[in-house]
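K.L.:
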Amino acid sequence: MISPTMTKIIGYMPKGFLKFLSRKILNRYINKYANLKINGKENLKNIDKPIIFISNHLSNSDALVINKVLEDQDITFIAGVKLKDNSLTKLGLEITKTIPIKPNTADKEAIYTIVKTLKSGNNILIFPEGTRSRTAKLMEPKKGVVLIQKLSKATIVPLGISGTEKLLPINDKDMALECFQSADVTINIGKALELPQKNKEESKHEYEDRLMDYFMSEIAKLIPKEYRGIYNN
1 MISPTMTKII
11 GYMPKGFLKF
21 LSRKILNRYI
31 NKYANLKING
41 KENLKNIDKP
51 IIFISNHLSN
61 SDALVINKVL
71 EDQDITFIAG
81 VKLKDNSLTK
91 LGLEITKTIP
101 IKPNTADKEA
111 IYTIVKTLKS
121 GNNILIFPEG
131 TRSRTAKLME
141 PKKGVVLIQK
151 LSKATIVPLG
161 ISGTEKLLPI
171 NDKDMALECF
181 QSADVTINIG
191 KALELPQKNK
201 EESKHEYEDR
211 LMDYFMSEIA
221 KLIPKEYRGI
231 YNN
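Everything in the sequence shown is counted per UniProt numbering, starting at 1 for the first residue and increasing by one.
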């Protein structure tokens, strides 16, 4: 694996060359360590764009892998601002389009940028859980995707990813020390979701909760049973 020192040196290179080199380095690691399998790509045919992809989140390699296998979708990823502070994850940001967002806050500026991106016809990907799962199981999500869909009217497509927790395991002490390891990685693409209508007796809060349960349940259908966590049923 590339050393933290070398990663920092690379970070001082000119922007254009940095992007080229980052892509070469990270694609090399993915090609070497990941046995990739993708299912359901046919579900993306004839879908109205823009698309909000929603996925479970297991590893810092998730966006890199998804970006590689769905390169033709030209996805912009929603990423926590802290990734810019880490020398290794910063390389990943060089090869993916990202919109930084402040976790656990009403980041109005980020939401405005996300909605503007969608209304311009571009696809985005959101990890509704807002953080990587330390157990590889689905966790309770944040509701931001509901607001973003409401404002943008974008189509929602669920993804289910498994194996990346082994490809680039989490190191909570220092993300720069995370190392690629050989792993089987599967990405399952679901069909575009039809949003249920709000019932008259439902409050706004209840309806948003029902939507999020629906979204996460659809992700759960695309991952192995042991990954489903609180959405196992």
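We put the beta carbon where it would ideally sit given N, CA and C, even for glycine.
In or out: Thr76 buried (at least 16 other Cβ within 10 Å) or exposed?
P.N.:
As a first step, residue 76 is located in the sequence shown; it is residue number 76 there, counting from the start. So Thr76 counts as buried.
K.L.:
Quick check: the Cα distance between Thr98 and Glu201, rounded to an integer number of angstroms?
P.N.:
Taking the first residue of the sequence shown as position 1, residue 98 is located at position 98. Taking the first residue of the sequence shown as position 1, residue 201 is located at position 201. Cα to Cα, the separation comes out at about 39 Å.
K.L.:
Under three-state DSSP, which class holds Lys37?
P.N.:
Indexing the sequence shown from 1 puts residue 37 at position 37. Reduced to three states, the DSSP call for Lys37 is strand.
K.L.:
Give every residue of the same chain whose Cβ lies closer than 7 Å to the Cβ of Lys142, excluding the five residues on either side of it in the sequence, and list them in chain order.
P.N.:
As a first step, residue 142 is located in the sequence shown; it is residue number 142 there, counting from the start. Counting only Cβ-Cβ distances below 7 Å, and skipping sequence neighbours, we find Pro128, Gly130.
K.L.:
Tell me, please, whether the stretch 118 to 126 touches the stretch 43 to 52 by the rule of three or more beta-carbon pairs shorter than 8 Å.
P.N.:
In the pairwise beta carbon analysis, the stretch 118 to 126 is classified as touching the stretch 43 to 52: at least three pairs are separated by under 8 Å.
K.L.:
Would you kindly work out how many angstroms separate the C-alpha atoms of Lys153 and Lys173, rounded to a whole number?
P.N.:
Reading the sequence shown from its first residue, position 153 is the one you call residue 153. Reading the sequence shown from its first residue, position 173 is the one you call residue 173. The straight-line gap from Cα to Cα measures roughly 39 Å.
K.L.:
Can you tell which of Glu206, Val65, Cys179, Arg28 has its C-alpha closest to the C-alpha of Thr186?
P.N.:
Your numbering for residue 186 matches position 186 in the sequence shown. Nearest option by C-alpha distance: Val65.
K.L.:
Phe20 by DSSP, collapsed to three states: which one?
P.N.:
Here residue 20 is taken as the residue at index 20 of the sequence shown, counted from 1. Helix at Phe20.
K.L.:
When we look at the beta-carbon of Asn188 and count the other beta-carbons within 10 Å, is it buried (16 or more) or exposed?
P.N.:
Taking the first residue of the sequence shown as 1, we reach residue 188 at position 188. That one is buried.
K.L.:
Along the chain, where does the beta strand (DSSP E) that runs through Leu159 open and close?
P.N.:
Here residue 159 is taken as the residue at index 159 of the sequence shown, counted from 1. Element bounds for Leu159: 155 to 162.
K.L.:
Pair every Cβ in the stretch 58 to 73 with every Cβ in the stretch 23 to 37, then say whether three or more of these pairs are closer than 8 Å.
P.N.:
yes
K.L.:
Provide the residue span of the beta strand (DSSP E) that contains Ile101, from first to last.
P.N.:
The residue labelled residue 101 in the question sits at position 101 within the sequence shown. Unbroken beta strand (DSSP E) run through Ile101: 97 to 101.
K.L.:
Who are Val185's beta bridge partners in DSSP?
P.N.:
Your numbering for residue 185 matches position 185 in the sequence shown. The partner list for Val185 (beta bridge, DSSP) reads Leu36.
K.L.:
With DSSP collapsed to three states, give me the class of Thr117.
P.N.:
Looking up residue 117 in the sequence shown gives position 117. In the three-state DSSP reduction, Thr117 falls in the helix class (H, G or I).
K.L.:
Is the distance from the Cβ of Ser182 to the Cβ of Tyr227 below 9 Å?
P.N.:
On the sequence shown, position 182 is the one that residue 182 refers to. On the sequence shown, position 227 is the one that residue 227 refers to. Contact flag unset, no.
K.L.:
Excluding sequence positions up to five away, which residues of its chain have a Cβ less than 7 Å from the Cβ of Gly40?
P.N.:
Along the sequence shown, one-based indexing puts residue 40 at 40. Counting only Cβ-Cβ distances below 7 Å, and skipping sequence neighbours, we find Asn188, Ile189, Gly190.
K.L.:
What do you reckon, are the CB atoms on Val69 and Ile25 nearer than 9 Å?
P.N.:
Position 69 of the sequence shown, counting from 1, holds the residue named residue 69. Position 25 of the sequence shown, counting from 1, holds the residue named residue 25. Inclusion of Val69 and Ile25 in the CB contact set at 9 Å is not warranted, their separation being larger than that value.
K.L.:
May I ask which residues mark the beginning and end of the beta strand (DSSP E) holding Phe53?
P.N.:
Counted from its first residue, the sequence shown places residue 53 at position 53. Taken as a continuous stretch (DSSP letters only), the beta strand (DSSP E) holding Phe53 covers 51 to 55.
K.L.:
With respect to the alpha helix (DSSP H) encompassing Ala220, which residues constitute its N-terminal and C-terminal limits?
P.N.:
Within the sequence shown, numbered from 1, the residue matching residue 220 stands at position 220. Ala220 -> alpha helix (DSSP H) spans 204 to 220.
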